[in-house]
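Undergrad: Residue numbers (our numbering): 12 to 220.
One structure, pasted below without further comment.
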Amino acid sequence: MKNIVILISGRGSNMQAIVSAAIPNVRIAAVLSNRADAAGLAWAAERGIATESLNHKDFDSRFAFDTAMMEKIDAYAPDLVVLAGFMRILTPQFCAHYEGRLINIHPSLLPSFTGLHTHERAIEAGCRVAGCSIHFVTAELDCGPIIAQGVVPVLDGDNADTLAARVLAVEHKLFPQAVADFAAGRLKIEGNRVINQQRNAAGDQNLLA
Ligand code: GAR
12 MKNIVILISG
22 RGSNMQAIVS
32 AAIPNVRIAA
42 VLSNRADAAG
52 LAWAAERGIA
62 TESLNHKDFD
72 SRFAFDTAMM
82 EKIDAYAPDL
92 VVLAGFMRIL
102 TPQFCAHYEG
112 RLINIHPSLL
122 PSFTGLHTHE
132 RAIEAGCRVA
142 GCSIHFVTAE
152 LDCGPIIAQG
162 VVPVLDGDNA
172 DTLAARVLAV
182 EHKLFPQAVA
192 DFAAGRLKIE
202 GNRVINQQRN
212 AAGDQNLLA
């Protein structure tokens with residue numbers, strides 16, 4: 012059984028998708044947040060999952076907050092830490108501590124549009140496709156080895172909200188699959204690439220969602 016700790020900052024719909032997928036060999040040990048009022052925390056608590064929050068505003072440095080967060084996370088002995096809409100920039104120490112067992116979902120086709128406001132920026136840039144990326148986390152923001160990407164069209168008349176909704180539906184399919192691949196030991200990091208035995212055998216089913 013693999014222990015998974017999920018970090019959220021708000022709604023937590025990706026966390027809900029992962030929990031609801033009931034992935035074989037995966038135990039959701041806890042859902043943690045930097046916001047006590049994150050809607051996803053209540054959803055997880057209702058389902059009997061351990062939840063905790065730590066307000067980043069109570070700490071006088073990013074390092075102090077991350078150190079306290081690491082203590083909380085490590086109490087659950089995680090095999091994998093999942094960032095599911097956790098809207099904090101992480102210290103290099105945090106990233107190094109969880110190297111190879113920390114994954115994030117980002118709402119763009121990386122390496123395009125790292126950071127915030129990805130959908131507005133994709134529309135403004137005139138992109139005809141957009142999407143999401145799931146990647147291992149390294150100290151450089153939104154730049155770690157990519158595990159999976161989902162692609163959607165950008166339609167005439169799209170605004171950031173309509174595009175975000177189309178991408179989110181793909182996020183909810185792709186993220187549980189990536190967690191399942193990790194838990195089953197199917198992901199191997201080679202330099203900046205992730206080799207996925209199952210994907211290679213089946214053809215790349217993630218390219219177009
Ligand atoms: C998701 O769209 C996720 O890709 C994005 O935040 C949203 C969280 O939604 N993550 C980032 O922007 C990370 N930089 P959720 O709380 O409903 O899962």
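Even for Gly, the Cβ is constructed at its ideal location relative to N, Cα and C.
(1) Looking at P187 and the ligand GAR, is the gap between the Cβ and the nearest heavy atom below 6 Å?
(2) Spatial neighbours of A8 within its chain, please: C-beta separation below 6 Å, excluding the five flanking residues on both sides.
(3) Is V93 near P156, with beta carbons less than 7 Å apart?
(4) Do the region 165–178 and the region 195–204 touch if we need at least three Cβ pairs shorter than 8 Å?
(5) Just reading off the alpha helix (DSSP H) that F147 is part of, what are its end residues?
(6) Say the cut is 6 Å; is the CB of S24 nearer than that to a heavy atom of the ligand COA?
(7) Identify whether L219 lies in helix, strand or coil by the three-state DSSP scheme.
(8) Is the region 47–62 close to the region 75–82, with three or more CB pairs under 8 Å?
(9) I need the straight-line Cα distance from P118 to A194, nearest angstrom please.
(10) Indicate whether D44 and S24 have their beta-carbon atoms separated by less than 7 Å.
(11) What's the gap between the Cα of Q208 and the Cα of I39?
(12) Check whether the Cβ of A171 sits closer than 6 Å to any heavy atom of the ligand GAR, and report yes or no.
(13) Please check the pair I15 and V190, which I expect to be a contact at CB under 8 Å, by giving their CB distance rounded to whole angstroms.
(14) Going by the C-beta, is A11 closer than 6 Å to any heavy atom of the ligand GAR?
(15) If we count the other Cβ atoms within 10 Å of its Cβ and call it buried at 16 or more, is S144 buried or exposed?
(16) Use the C-beta contact count for I114: other C-beta atoms within 10 angstroms, 16 or more gives buried, fewer gives exposed.
(17) Output the distance between the C-alpha atoms of A88 and V181, rounded to the nearest integer angstrom.
TA: With the given structure in hand:
(1) Within the sequence shown, the letter at position 176 stands for residue 187. No, since every heavy atom of the ligand GAR falls outside the 6 Å radius drawn around the Cβ of P187.
(2) Lying outside 12 to 220, the shown extent of the chain, residue 8 is not represented and no answer is given.
(3) Here residue 93 corresponds to residue number 82 of the sequence shown, with the count starting at 1. Here residue 156 corresponds to residue number 145 of the sequence shown, with the count starting at 1. Not a contact, by the Cβ cut-off of 7 Å.
(4) no
(5) Mapped onto the sequence shown, residue 147 falls at position 136. No alpha helix (DSSP H) holds F147; the beta strand (DSSP E) holding it covers V140 to F147.
(6) With respect to the ligand COA, the structure offers nothing, as its ligand set consists of the ligand GAR.
(7) The sequence position of residue 219 within the sequence shown is 208, counting from 1. Its pLDDT being 49, under 50, L219 is placed unreliably in this model, and the value from its coordinates should be taken loosely. Coil at L219, not helix or strand.
(8) no
(9) The sequence position of residue 118 within the sequence shown is 107, counting from 1. The sequence position of residue 194 within the sequence shown is 183, counting from 1. Going by the C-alpha atoms only, they are around 23 Å apart.
(10) Here residue 44 is taken as the residue at index 33 of the sequence shown, counted from 1. Here residue 24 is taken as the residue at index 13 of the sequence shown, counted from 1. First, the amino acid is wrong: residue 44 is Ser here, not Asp. For S44 and S24, no; Cβs fall outside 7 Å.
(11) In the sequence shown, the residue the question calls residue 208 occupies position 197. In the sequence shown, the residue the question calls residue 39 occupies position 28. Approximately 24 Å between the Cα atoms of the pair.
(12) Counting from 1 along the sequence shown, the entry for residue 171 is found at position 160. Flag unset: Cβ of A171 not near the ligand GAR.
(13) Taking the sequence shown and counting its residues from 1, the one referred to as residue 15 is at position 4. Taking the sequence shown and counting its residues from 1, the one referred to as residue 190 is at position 179. Right, the Cβ-Cβ distance comes to about 7 Å (below 8 Å), so this counts as a contact.
(14) Because the chain spans 12 through 220 in this model, residue 11 falls outside it and cannot be assessed.
(15) Translated into positions along the sequence shown, residue 144 becomes position 133. Per the 10 Å Cβ criterion, buried.
(16) The residue labelled residue 114 in the question sits at position 103 within the sequence shown. It is buried - the Cβ of I114 has at least 16 other Cβ atoms within 10 Å.
(17) In the sequence shown, counting from the first residue as 1, residue 88 sits at position 77. In the sequence shown, counting from the first residue as 1, residue 181 sits at position 170. Looking at the two C-alpha atoms, the distance is approximately 30 Å.
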